[in-house]
Amino acid sequence: MPARSVPMAVTASDRDDARARAVIAAMDIVARQGLASLSVRDLAAAIGKSTTVIFNLFQTKAGVLAAMVEAAMAEDLAFHDAFLAQVDGLPLDQRRMVDITARYVLARAEPSARFARIWEEVLIDPEAAHAAREPMARWLEMRREKLGGLLARDARLARLGAVYLPYLLMEELYAAALAQRLDYELLLRESLEGLVAMAFDEPSGGEAKVAQWFTEALVLPEPPSRRHAPGSVKMRLLDIAADLILERGIGAVTNRAVTQSAGVSTSTILYHFADMRSFLAEAIWHSVFREIPDYLDTRNPRDRERPADLEGLQALLVPTLRPGSLKDPGRAGFYVKYARLIAQICLIARRDAAFENMAMLLRGPEGGGTYARREAVWPPVFDMTRLSAMRFAIWIKGSALLSAAFPEAEADGVQARLGEAALALVPMAGQ
146 MPARSVPMAV TASDRDDARA RAVIAAMDIV ARQGLASLSV RDLAAAIGKS
196 TTVIFNLFQT KAGVLAAMVE AAMAEDLAFH DAFLAQVDGL PLDQRRMVDI
246 TARYVLARAE PSARFARIWE EVLIDPEAAH AAREPMARWL EMRREKLGGL
296 LARDARLARL GAVYLPYLLM EELYAAALAQ RLDYELLLRE SLEGLVAMAF
346 DEPSGGEAKV AQWFTEALVL PEPPSRRHAP GSVKMRLLDI AADLILERGI
396 GAVTNRAVTQ SAGVSTSTIL YHFADMRSFL AEAIWHSVFR EIPDYLDTRN
446 PRDRERPADL EGLQALLVPT LRPGSLKDPG RAGFYVKYAR LIAQICLIAR
496 RDAAFENMAM LLRGPEGGGT YARREAVWPP VFDMTRLSAM RFAIWIKGSA
546 LLSAAFPEAE ADGVQARLGE AALALVPMAG Q
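Using our numbering, the letters of the sequence shown map in sequence onto residues 146 to 576.
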């Protein structure tokens, strides 16, 4: 009688190997295609296994996310240790600090830094950020510790302690899309020169010559609300799409979702906008222009009483950092919606070159509205220069992303953080 075959047992080492390969494959998928593209089916195909194997290894898709962020944490920790070891013991002056920070931002945009893409995708996805809140808090604390150690090497740099990480979070998103562009790198360095200058008691930080050059040549698209009649079918469709974008993300805009909400046929968008891609681009710009508060809107400025002091400025800006919630995302403040929108554009631009110019059109004039409306928004005690407007605008968007990711923790201290940032980033009048 022939011997019966005995199924080969799966050893612990085989299981660990399959799990490790699955995590690497998941990170590759997210880094290349975005978090929304990660499916159990595609992950199984990537490692040549069945979906049953993936479920046995991780139980749920949430288990895949949890394993992926832990791997990203380990890779990012190794990145920081290796990066900072290269300048260990180097005396820091203004120029070296600019060089180190610029290299840090650009290094995290390189294809090899897939861990950075994982964290960026999780940070701007409301559901993923909620699910991964504890590991994300550890990730931010790791970065604060590592970057804080760099700043601690020169007492003058302590002034940047409260603003450095939020500023970098937003700038890294821009770099993810634009790192290969010379005009972006010039803007990056000019912005950092102004940021670091504040720590070294040079409040002016020089002139914003690159930003001025870029802005003078800038041609922004005309707001859709000026090209289409109020109440028209086009504006109805764009308003619905803008609501979806600002509350649920760019990926929520589909032909079916928009047309069903509008109560029209699925051919309506194609009839009015030629194709879905053109409609999406116009909807994104509509989202950008529609949400700008009247006191920052340079196209239709509305004069209001200028804040008399720092407390007045804080009262004006605190609502802009109000986080939404999974149940009520529309409640979020202006900068929370705006920062998430820009972040999404940047990550899409990394995968789709058609969005690169859009990302650059948003980064190039950063702070332009703040600077143009400085006398309506900023108390006279501050000297709001073009460079200080740029660095404050980048910081507040990074801070908004943190408010969205950690609504309970961030909401408590938002007024104090605004005050700290204003004093750290904007020179006082007469300095």
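Each residue gets a CB set at the ideal place from its N, CA and C atoms; glycine is no exception.
What you are looking at is a predicted structure, and each value in this text was computed from that prediction instead of being measured.
Checklist entry - Could you give the distance in angstroms between the alpha-carbon of threonine 399 and the alpha-carbon of valine 364? => result 28 angstroms
Item to check | Candidates Arg166, Trp264, Gln178 and Ala322: closest to leucine 285 by CA position | outcome: Trp264
Checklist entry - Who are the Cβ neighbours of leucine 295 in its own chain at under 7 angstroms, not counting the five residues just before and after it? => result Leu229
Item to check | Cβ separation of valine 267 and valine 185, assumed to be a contact under 8 angstroms, to the nearest whole Å | outcome: Not confirmed; about 18 angstroms, so no contact.
Item to check | Cβ separation of glutamine 231 and valine 341, assumed to be a contact under 8 angstroms, to the nearest whole Å | outcome: With 8 angstroms as the limit, glutamine 231 and valine 341 do not qualify as a contact, their Cβ atoms being about 19 angstroms apart.
Item to check | Sufficient close CB pairs (3 or more, under 8 angstroms) joining the stretch 537–555 to the stretch 565–572 | outcome: yes
Checklist entry - Does the distance from the C-beta atom of valine 250 to that of glutamate 317 stay below 7 angstroms? => result yes
Next on the checklist: What does the Cβ neighbour count give for alanine 321, buried or exposed, with the cut at 16 atoms within 10 Å?
Outcome noted: buried
Checklist entry - Where does phenylalanine 345 fall in DSSP's three states? => result coil
Item to check | Those runs of the alpha helix (DSSP H) which lie wholly inside the stretch 315–393 and span at least 4 residues | outcome: 327–344, 354–361, 369–372 and 378–393
Checklist entry - methionine 573 bridges to which residues according to DSSP? => result Phe527
Checklist entry - Whose C-beta lies closer than 7 angstroms to the C-beta of arginine 334 among residues of the same chain, with five residues either side of it excluded? => result Val243 and Ala247
Checklist entry - Taking the continuous alpha helix (DSSP H) assigned at aspartate 238, which residues delimit it? => result Per DSSP, aspartate 238 belongs to no alpha helix (DSSP H) and is neither H nor E.
Checklist entry - Would you call the stretch 368–385 and the stretch 526–535 touching, i.e. three or more CB-CB distances under 8 angstroms? => result no
Checklist entry - Span of the alpha helix (DSSP H) holding arginine 496? => result 479–496
Checklist entry - Where does glutamine 231 fall in DSSP's three states? => result coil
Item to check | Range covered by the alpha helix (DSSP H) that runs through glycine 306 | outcome: Unbroken run through glycine 306: none, as it is neither H nor E.
Next on the checklist: What residue range does the alpha helix (DSSP H) around glutamine 459 cover?
Outcome noted: 455–462
Checklist entry - Rounded to the nearest angstrom, how far is the Cβ of glycine 512 from that of phenylalanine 537, given a contact under 8 angstroms? => result 7 angstroms
Next on the checklist: Taking 7 angstroms as the threshold (C-beta atoms), are leucine 458 and proline 524 in contact?
Outcome noted: yes
Checklist entry - What is the rounded straight-line gap between the Cα of alanine 303 and the Cα of alanine 344? => result 8 angstroms
Next on the checklist: Helix, strand or coil, according to DSSP, for arginine 518 in the structure here?
Outcome noted: coil
Item to check | Cβ neighbours of alanine 207 in the same chain (closer than 7 angstroms, five flanking residues each side left out) | outcome: Ala276
Next on the checklist: For alanine 191, tell me which candidate among Ala574, Leu180 and Ala171 has the shortest Cα-Cα distance.
Outcome noted: Ala171
Next on the checklist: Distance check for alanine 488 and lysine 472, CA to CA, integer angstroms please.
Outcome noted: 21 angstroms
Checklist entry - By a C-beta neighbour count over all protein chains shown, 10 Å radius and 16 as the cutoff for buried, is aspartate 497 buried or exposed? => result exposed
Checklist entry - Could you give the C-beta distance for alanine 167 and leucine 188, rounded to a whole number, given that I count them as a contact under 8 angstroms? => result 6 angstroms
Next on the checklist: For a test of the three-state rule: what should DSSP assign to alanine 148, helix, strand or coil?
Outcome noted: With a pLDDT of 46 at alanine 148, under the threshold of 50, the modelled position of this residue cannot be trusted, and the question is left open.
Next on the checklist: Let me make sure I understand the geometry here. Which of Thr360, Leu332 and Tyr309 has the alpha-carbon closest to that of tyrosine 319?
Outcome noted: Leu332
Checklist entry - Looking at arginine 495 and isoleucine 269, is the spacing between their C-beta atoms short of 7 angstroms? => result no
Checklist entry - Would DSSP call tyrosine 440 helix, strand or coil? => result coil
Item to check | Own chain residues within Cβ distance below 7 angstroms of cysteine 491, not counting five before or after | outcome: Leu318, Tyr319, Ala321, Ala322 and Ala504
Checklist entry - In chain order, what residues of the same chain have a beta carbon less than 6 angstroms from the beta carbon of alanine 148, not counting five sequence neighbours either side? => result Here alanine 148 scores only 46 on pLDDT, less than 50, and its place in the model should not be relied on; the value that follows carries that caveat. Here the set comprises nothing.
Next on the checklist: Is there a C-beta anywhere in chain E that falls below 7 angstroms from the one on aspartate 439?
Outcome noted: You won't find chain E in this structure, because it holds only one protein chain.
Checklist entry - Beta-carbon separation of proline 94 and alanine 477 under 7 angstroms? => result As displayed, the chain neither begins before 146 nor continues past 576, which places residue 94 out of reach and without an answer.
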